[in-house]
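A quick write-up on the structure given underneath.
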Amino acid sequence: VLICFQNYINLRSWCDKDSQIGGLVFGRPARKEVVLVLFAPADSLNYSTVDFLTNCLSADVKLVGNISIDGEDAPLIGDGFTLTTTREILENVDATTFLVQNDILKHSTLAPDGLSLRAQVGFSCALRSGCEGEDLKNNVEKFVMGLDQLAFASIDRGLFLRKNLDLEILTKQRQLFDDLSRGALQYKDFTELNSYRGLATSNKDDTEDQKMVPIVRITRGGCLFPPVAMKSSNAVLKSIE
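Following the UniProt record's numbering, the numbering of the sequence shown begins with 1 at its first residue and continues without gaps.
Below you can see the structure in the form of structure tokens.
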């Protein structure tokens, strides 16, 4: 949603202030997913522009709708849906009003397609003079290989995710995520998951408890981390000092 507003602000920054503006909405119809919203002057809103933009996007992305701005004389392209808004809402980046007025927060109209997760990872490594490229490549490969060893958990909510979960545990976790997502605002409500690395190596018998430790940065200050446990996941999560 915020990208939608930013695209409008960018267009207004160079477009003539008296230009009539309209918006095009591109998405994946099969997944009911919006991937891009572009604004353009009314005289550029035509099927030639749509064909050009569609050819620049993934093959499964199509024009799915338009954005009509109150008071702007811009054509509607295609037979998709139409979202309505005002210049004031766009200029003030009022995402809540935009979503509520267009009934976008009605989850019953959306087809669920797995969990919506966002992960941020990073690493640091030493590079030898003259071997920077080789060292960086080797360290990145080791880092990526280690990602499969990570587990993610929220102790307060009893959530636990990792590769090769037991089917019974996986079913329970899916139910927990379904309960959390029901009635949530997809642009506002979220749950942070702490990352953990398993100390035990994988084995054929995955029913045994595996010790886990949180990934933390150790500083000279010496912060204390209270012990935590997660019974529903068959994994004991231990802290470090």
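Cβ atoms here follow ideal geometry from the backbone N, Cα and C, with glycine treated the same way. In this text, all values refer to a predicted model and were calculated from it rather than measured experimentally.
Open item on the list: Does the structure place the region 52 to 68 close enough to the region 78 to 89 that three or more beta carbon pairs sit under 8 Å?
Closed with: yes
Task: Best match in Ile169, Gly133, Thr191 and Phe143 for proximity to Ser154 [C-alpha to C-alpha] - done: As a working mapping, residue 154 is identified with position 154 in the sequence shown. Taking only the C-alpha atoms, the option nearest Ser154 is Thr191.
Open item on the list: Using CA atoms only, rank isn't needed, just tell me which of Asp148, Leu176, Thr171 and Leu167 is closest to Ser195.
Closed with: The residue labelled residue 195 in the question sits at position 195 within the sequence shown. The shortest C-alpha separation from Ser195 is found at Asp148.
Open item on the list: To the nearest angstrom, how far is the alpha carbon of Asp51 from that of Asp166?
Closed with: On the sequence shown, position 51 is the one that residue 51 refers to. On the sequence shown, position 166 is the one that residue 166 refers to. Cα to Cα, Asp51 sits roughly 47 Å from Asp166.
Open item on the list: Taking 6 Å as the limit between beta carbons, can you name the residues of its chain near Leu36, skipping five residues before and five after?
Closed with: Indexing the sequence shown from 1 puts residue 36 at position 36. Taken in chain order, the residues that qualify are Phe26.
Task: C-beta contact flag for Leu150 and Arg197 at 8 Å - done: Locating residue 150 in the sequence shown gives position 150, where the first residue counts as 1. Locating residue 197 in the sequence shown gives position 197, where the first residue counts as 1. Cβ atoms of Leu150 and Arg197: closer than 8 Å.
- [ ] Quick one: using the 10 Å Cβ neighbour count with 16 as the cut-off for buried, is Leu2 buried or exposed?
- [x] Counting from 1 along the sequence shown, the entry for residue 2 is found at position 2. Exposed, by the Cβ-count rule.
TODO: Compute the Euclidean distance between the alpha carbons of Val144 and Asn138, then round it to the nearest angstrom.
DONE: Translated into positions along the sequence shown, residue 144 becomes position 144. Translated into positions along the sequence shown, residue 138 becomes position 138. One C-alpha to the other measures close to 10 Å.
TODO: Buried or exposed for Gly133, please, with buried defined as at least 16 other CB atoms from any protein chain shown within 10 angstroms of its CB.
DONE: Indexing the sequence shown from 1 puts residue 133 at position 133. Its Cβ having fewer than 16 others within 10 Å, Gly133 is exposed.
Task: Cβ shell of Glu88 (< 8 Å), same chain only, five flanking positions each side left out - done: Numbered from its first residue, the sequence shown carries residue 88 at position 88. Closer than 8 Å at Cβ, skipping near neighbours: Asp94.
TODO: Report the option in Gly158, Asn92 and Leu45 whose CA atom is closest to the CA atom of Lys172.
DONE: Taking the first residue of the sequence shown as position 1, residue 172 is located at position 172. Among Gly158, Asn92 and Leu45, the Cα nearest to that of Lys172 belongs to Gly158.
Task: Presumed contact (8 Å Cβ cut-off) between Leu90 and Phe5, rounded CB distance - done: Along the sequence shown, read from residue 1 onward, the residue named residue 90 stands at position 90. Along the sequence shown, read from residue 1 onward, the residue named residue 5 stands at position 5. Yes, they are in contact, since the Cβ atoms of Leu90 and Phe5 sit about 6 Å apart, within 8 Å.
Task: Local Cβ density within 10 Å of Phe123, reported as buried at 16 or more and exposed below that - done: Indexing the sequence shown from 1 puts residue 123 at position 123. Classification of Phe123: exposed, given that the 10 Å Cβ count is below 16.
Open item on the list: For the alpha helix (DSSP H) containing Thr54, name the first residue and the last one.
Closed with: Indexing the sequence shown from 1 puts residue 54 at position 54. Residues Tyr47 to Asn55.
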